[in-house]
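Structure first, commentary second.
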Amino acid sequence: MWWAVAKFVAVLIASYVINTALAPKQKNSTPEAATEDDWNMPMPDEGTPQCVFFGDCWTADWFVLGYGNYRYQAIKK
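Quick note on numbering: the sequence shown equals residues -23 to -1, 1 to 54 in mature numbering (1 follows the signal peptide of the UniProt record, and there is no 0).
What follows is the structure in structure tokens.
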């Protein structure tokens, strides 16, 4: 019975070694930082009248008046 366990472990180790050797290598491990140009947020023209809603409301027209402070510079500690 021990030979079946040894055979299973040997096949498992061989499979891991073969998969590791044949796996594609990563070119770059760190992602590129996002820039301000990467965000495509529609903004209204200056002087466009704006509706203010309180609570839930459906409207036919919409635009993004503000979308937060997306930081695109490195955070330094």
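A virtual CB, placed ideally from N, CA and C, is assigned to each residue, including glycine.
| Asked | Found |
| --- | --- |
| Pairwise C-alpha distance: residue -18 and residue 53 | 52 Å |
| C-alpha distance - residue 25 paired with residue 37, whole-angstrom precision | 16 Å |
| Residue 29 in three-state terms, based on DSSP | coil |
| Residue range of the alpha helix (DSSP H) that includes residue -5 | -22 to -2 |
| Straight-line gap, residue 12 to residue -16 (C-alpha atoms, nearest Å) | 50 Å |
| Contacting residues, own chain, Cβ-Cβ under 8 Å from residue -4 (five flanking each side not counted) | none |
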